[in-house]
Every structure is written in C-alpha cells, then in structure tokens.
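Trainee: Residue numbers (the working numbering): 1194 to 1350. Every residue, glycine too, gets a C-beta built ideally from N, C-alpha and C. Since the model is a prediction, treat every value here as computed from it, not as a measurement.
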Amino acid sequence: MSQRPATPADLDAVLALEQECFPDPWGEQLIAPGLAGELPTVTYLVSEDADGVTGYVVVSIAGDIADLQRLGVTQRVRRTGVAGKLLDLAITTAIMAERRPPDRMLIEVRADNADALAFYAAKDFVEIDRRPRYYSDGSDAVILRRSLGLGCGGRRG
Ligand SMILES: CC(C)(COP(=O)(O)OP(=O)(O)OC[C@H]1O[C@@H](n2cnc3c(N)ncnc32)[C@H](O)[C@@H]1OP(=O)(O)O)[C@@H](O)C(=O)NCCC(=O)NCCS
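(1) Just verifying my parser: in three-state terms, what is the DSSP assignment at Met1163?
(2) Do the CB positions of Leu1279 and Gln1196 come within less than 8 Å of each other?
(3) Cβ-heavy atom distance between Ala1276 and ligand 1 below 7 Å?
(4) Helix, strand or coil for Glu1231, going by three-state DSSP, please let me know.
(5) On a CA-only basis, which of Ala1276, Pro1325, Ala1309, Val1250 is nearest Trp1219? Give me that one, please.
(6) Is Ala1311 near ligand 1, going by C-beta to nearest heavy atom under 7 Å?
(7) Can you give the Cα-Cα distance for Val1239 and Arg1338, rounded to whole angstroms?
(8) With the cut-off set at 8 Å, would you say Leu1210 and Gly1248 are in Cβ contact?
(9) According to DSSP, is Ala1309 helix, strand or coil?
(10) Rounding to the nearest angstrom, what Cα-Cα distance links Pro1198 and Pro1226 in this structure?
(11) Please list, in chain order, all residues of the same chain as Leu1341 whose beta carbon is under 8 Å from its beta carbon, the five residues on each side excluded.
(12) Would you say Gly1265 touches ligand 1, meaning its beta carbon is less than 7 Å from a heavy atom?
(13) Under a Cβ-count criterion, where at least 16 other Cβ atoms within 10 Å of its own Cβ denotes burial, should Leu1223 be classed as buried or exposed?
(14) Can you look up Asp1205 in the DSSP assignment and give me helix, strand or coil?
(15) In the DSSP assignment, what residue or residues form a beta bridge with Met1298?
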C-alpha cells in the first residue's frame, strides 16, 4: 500500500469511490478541477495497492484551518490502516504546504455515520459543534476538530 498526490488520471477511480462511500457523491464537474490542480486551496491524495486505487482524501487549506472535505476507502481494504495513512499524509501536506501552516483540522460528519465517528475518535478528533437537521435527509452534522499544533518551539495549534 502506498499514498501519493492524485492526478487527472485518477478521475474514474475517485468517482467510483464517491459512489461507493457517500450518500451524496460528488460529480465529475467538482472533482476534475481539483485533480487538475485548478482549485488553489484544494489537495487530492490517493492510496493504492497492486489492484489499483483504494482510497482518497481531499483537504482544503485556508488560513489557520485545514478542512478535511472527503476521506473514503473501498470496502475491500477497510480496517487495514488505509484511512489512517491518508489522514497522516493530508496532515503532513497541510503543515508543509503553507508558509504559515494551519493550526487545526476540521471535518463535518453525518451524526449517523458510526464508522467515520469511530475512525475520527481513534485519530484524536473531538466534537466541537453539532448542526441539527443539516443534511437534506434531516440528519445532523457533527463538527470535529484536531489540533495540528507543533509544540516545542513550533507554532502553537
Ligand atoms: C471511515 C473510513 C474512512 C475508515 O477507513 P479505514 O481505512 O477502514 O480506517 P483505518 O483502517 O485507518 O482505521 C483506523 C482506526 O479507526 C477506527 N475505526 C475505523 N473504522 C472503524 C469502524 N467501522 N468501527 C470502529 N472503529 C473504526 C479503529 O480504531 C481503527 O483501528 P483498528 O482497525 O486497528 O481497530 C471508512 O470506513 C470509509 O471510507 N467510510 C465511508 C466514507 C466516510 O464515511 N468517510 C468519512 C467521512 S468524510
């Protein structure tokens, strides 16, 4: 298993993961410009193994905040650490990409998404807010935060 920046050639794989992983999948019009590097704040990263792309993450970095917009892993390799590796690379990318790195990462998760809530809890995200009936089907959104603080002389998170 390895991770790398996504390219336009990953479009079909990312579209397939969107369909598999999310009830509100993003479409080509949204994803293609991101893969092409046309969205200045947005980075797409993918994981892959011998059988192809296994997961992806989308992070948007603006000011003090790294916004984790998407993280999806195909069923075949879940619970093998793929999302953890993608999250680690997204955090590294956020910290390295900016002259003034973001100090926190935020993510918005459906309150009924037990898998994601368990994953983010395991990765030290904490709930900071809740938006009732945020989604079109009436589900609540949970806002989670993780500090990216550098500590020990680095910029504080
Ligand atoms: C959430 C998701 C990304 C996790 O991906 P993953 O590759 O299976 O996660 P990892 O293997 O890196 O899990 C790391 C740890 O998180 C926790 N975890 C992950 N999935 C879990 C689950 N379904 N139930 C309980 N704990 C879970 C565990 O502590 C796990 O460590 P362990 O397997 O050693 O116990 C995946 O389930 C997914 O793609 N879901 C659909 C899309 C989605 O909801 N994305 C998040 C919202 S953007």
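Mentor: In short:
(1) The requested residue 1163 is not part of the displayed model; the chain covers only 1194 to 1350.
(2) yes
(3) yes
(4) coil
(5) Val1250
(6) yes
(7) 22 Å
(8) yes
(9) helix
(10) 14 Å
(11) Ala1259, Ile1284, Ala1287, Ile1288, Pro1294, Pro1295, Asp1296, Arg1297, Met1298, Gly1350
(12) yes
(13) exposed
(14) helix
(15) Ala1259, Arg1339
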